[in-house]
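Asker: Here's a structure for you.
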Amino acid sequence: MAGHSKWANIQHRKGRQDAIRSKMFSKFAKEITVAAKMGDPDPEKNPRLRLAVKEAKSNSCPKDVIERAIKKSIAGEGDEYEEIRYEGYGPNGVAVIVEAMTDNRNRTASNVRSLFSKNGGNLGETGSVGFMFERKGEIIYPVKAGDADDIMMAAIEAGAEDVESSEEGHVIYTADTDLSEVSTALEATLGESESTKLVWKPTTTAELDLEGMQKLMKLVDALEDDDDVQRVTTNFEASDEVMAQL
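Throughout, my numbering is defined as the position within the sequence shown, counted from one, plus 357.
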């Protein structure tokens with residue numbers, strides 16, 4: 358998933374880290390509270406909560422933030438959030454999926470629509486771009502976890518579907534329903550992963566030049582800055598030369 362993994366790398370080069378980090382922690386907390394409310398507040402008995410906590414920890418989310426979010430769910434505190442997915446097109450026809458958690462559907466829809474139109478995109482109907490993606494589990498391990506053959510063997514034995522190894526690390530894909538089971542099996546052989554989460558994996562991509570990438574980043578930044586938006590996925594593809602210029 359070239360676009361998505363490269364997008365994660367862009368974020369580290371952008372000098373917005375502190376603002377991104379605090380916003381990111383509050384989004385992790387929201388996901389943890391919702392996951393705990395929907396099931397058992399014990400991560401060991403609630404696969405969705407376990408994955409949410411693991412992803413928060415892998416992004417250095419403080420322990421007290423995680424614990425407070427779980428306690429909130431036990432106490433029945435916090436707003437009632439619903440999960441909504443928006444789909445649309447960004448500049449140059451790039452497909453964009455926006456996942457949100459909101460306590461006010463009208464506010465979020467209005468904000469997302471406005472952000473698309475202000476940044477060269479347009480919001481579509483549900484399903485308008487979803488067919489260009491597959492829902493998958495994604496588990497990321499660093500290069501030092503092992504060579505490509507070892508990782509491939511471990512992934513096959515754990516029940517994964519595919520592995521993409523590069524000099525940046527190993528990305529293991531699973532069926533969306535198998536993520537928790539496969540990640541637990543891999544931990545036994547490879548240790549703790551860098552990231553374990555459900556993703557939208559593009560089946561087709563849109564190639565962008567530098568100007569196209571800059572326009573797309575403007576839209577994605579604006580969407581990610583919205584408090585109701587949990588994550589943004591696009592299907593861009595860009596050369597290493599273009600990425601280096603950003």
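Just so it is clear, CB atoms sit at the ideal spot from N, CA and C, and this is done for glycine as well.
Relative to the C-alpha of Ser-430, which residue among Lys-493, Asn-479, Val-391 and Tyr-438 is closest?
Answerer: Position 73 of the sequence shown, counted from the first residue, corresponds to residue 430. Selected option, being the one with the closest Cα: Val-391.
Asker: Is the CB-CB distance between Asp-533 and Arg-588 below 7 angstroms?
Answerer: Walking along the sequence shown from the start, residue 533 turns up at place 176. Walking along the sequence shown from the start, residue 588 turns up at place 231. No; because the gap between Cβ atoms is not below 7 angstroms, this pair is not in contact.
Asker: Classify Gly-569 as buried or exposed, calling it buried when 16 or more other Cβ atoms lie within 10 Å of its own Cβ.
Answerer: Start at 1 with the first residue of the sequence shown, and residue 569 comes out as number 212. Flag for Gly-569 reads buried.
Asker: Measure the C-alpha to C-alpha separation of Asp-506 and His-527 and round it to an integer number of angstroms.
Answerer: In the sequence shown, counting from the first residue as 1, residue 506 sits at position 149. In the sequence shown, counting from the first residue as 1, residue 527 sits at position 170. C-alpha separation (whole angstroms): 11 angstroms.
Asker: Using a 10 Å radius around the Cβ and a threshold of 16 neighbouring Cβ atoms, would you call Thr-483 buried or exposed?
Answerer: Your numbering for residue 483 matches position 126 in the sequence shown. By the neighbour-count rule (16 or more Cβ atoms within 10 Å), Thr-483 is not buried but exposed.
Asker: Can you give the Cα-Cα distance for Asp-421 and Asn-461, rounded to whole angstroms?
Answerer: Residue mapping note: residue 421 aligns to position 64 of the sequence shown, counting from 1. Residue mapping note: residue 461 aligns to position 104 of the sequence shown, counting from 1. If I take the Cα positions, the gap works out to 27 angstroms.
Asker: Report the three-state DSSP secondary structure of Thr-590 (helix, strand or coil).
Answerer: On the sequence shown, residue 590 is found 233 positions in, with the first residue counted as 1. Of the three classes helix, strand and coil, the one that applies to Thr-590 here is strand, per DSSP.
Asker: Hey, how far is the Cα of Ala-452 from the Cα of Glu-444?
Answerer: Looking up residue 452 in the sequence shown gives position 95. Looking up residue 444 in the sequence shown gives position 87. C-alpha separation (whole angstroms): 8 angstroms.
Asker: Going by beta carbon distance, what residues of the same chain come within less than 6 angstroms of Ser-540, once the five residues before and after it are set aside?
Answerer: Position 183 of the sequence shown, counted from the first residue, corresponds to residue 540. Closer than 6 angstroms at Cβ, skipping near neighbours: Ile-496 and Thr-553.
Asker: If you draw a straight line from the alpha carbon of Asp-584 to that of Ser-379, how long is it in whole angstroms?
Answerer: If you number the sequence shown from 1, residue 584 lands on position 227. If you number the sequence shown from 1, residue 379 lands on position 22. Between Asp-584 and Ser-379, the C-alpha separation is close to 11 angstroms.
Asker: Specify whether the segment 544-553 and the segment 564-580 touch according to this definition: at least 3 beta carbon pairs, one from each stretch, less than 8 angstroms apart.
Answerer: Contact between the segment 544-553 and the segment 564-580 is absent, because fewer than three Cβ pairs lie under 8 angstroms.
Asker: Taking the continuous beta strand (DSSP E) assigned at Phe-490, which residues delimit it?
Answerer: Counting from one through the sequence shown, the residue named residue 490 turns up at place 133. Looking at the DSSP string, the run of the beta strand (DSSP E) that includes Phe-490 is 490-498.
Asker: Apart from the five residues just before and just after Glu-412, which ones in its own chain have a Cβ nearer than 6 angstroms to its Cβ?
Answerer: Numbered from 1 along the sequence shown, position 55 holds the residue referred to as residue 412. Hits under 6 angstroms: Lys-554.
Asker: Can you tell me whether Ser-537 is helix, strand or coil according to DSSP?
Answerer: Numbered from its first residue, the sequence shown carries residue 537 at position 180. If DSSP states are grouped into helix, strand and coil, Ser-537 belongs with the helices.
Asker: By DSSP, does Asp-583 sit in helix, in strand, or in coil?
Answerer: Residue 583 sits at position 226 when you count from the first residue of the sequence shown. Coil at Asp-583, not helix or strand.
Asker: Strictly by DSSP, which residues pair up with Gly-503?
Answerer: Your numbering for residue 503 matches position 146 in the sequence shown. Note: Gly-503 sits in no beta bridge, so no partner.
Asker: Helix or strand or just coil, what does DSSP make of Thr-459?
Answerer: On the sequence shown, residue 459 is found 102 positions in, with the first residue counted as 1. Thr-459 falls in the strand class under three-state DSSP.
Asker: Quick one: give me the first and last residue of the alpha helix (DSSP H) that Asp-314 is part of.
Answerer: Outside the displayed span of the chain (358 to 603) sits residue 314, for which this structure offers no information.
Asker: Just reading off the alpha helix (DSSP H) that Glu-551 is part of, what are its end residues?
Answerer: For the purposes of this step, residue 551 is taken as the residue at position 194 of the sequence shown. Unbroken run through Glu-551: none, as it is neither H nor E.
Asker: Skipping 5 residues on each side, what residues in its chain have a beta carbon closer than 6 angstroms to that of Lys-387?
Answerer: Residue numbering aside, residue 387 sits at position 30 when the sequence shown is read from its first letter. Excluding positions up to five away in sequence, the list reads Met-458.
Asker: Along the chain, where does the beta strand (DSSP E) that runs through Ala-426 open and close?
Answerer: In the sequence shown, residue 426 corresponds to position 69, counting from 1. Careful: Ala-426 lies outside any beta strand (DSSP E), inside the alpha helix (DSSP H) at 420-431.
Asker: What residue range does the alpha helix (DSSP H) around Ala-601 cover?
Answerer: Numbered from 1 along the sequence shown, position 244 holds the residue referred to as residue 601. Per DSSP, Ala-601 belongs to the alpha helix (DSSP H) from 597-602.
Asker: Which full runs of the alpha helix (DSSP H) of 4+ residues lie inside the segment 376-422, going along the chain?
Answerer: The segment 376-422 contains these whole alpha helix (DSSP H) runs: 404-415.
Asker: In angstroms, rounded to a whole number, what distance separates the CA positions of Ser-550 and Lys-501?
Answerer: Reading the sequence shown from its first residue, position 193 is the one you call residue 550. Reading the sequence shown from its first residue, position 144 is the one you call residue 501. Near 11 angstroms, if we compare the C-alpha coordinates of Lys-501 and Ser-550.
Asker: Could you spell out the range, first to last residue, of the beta strand (DSSP E) harbouring Glu-444?
Answerer: Taking the first residue of the sequence shown as 1, we reach residue 444 at position 87. That run of the beta strand (DSSP E) goes 439-446.
Asker: According to the neighbour-count rule (16 or more other Cβ atoms, all chains shown, within 10 Å of its Cβ), is Lys-558 buried or exposed?
Answerer: If you number the sequence shown from 1, residue 558 lands on position 201. Answer is buried; the Cβ neighbour count reaches 16.
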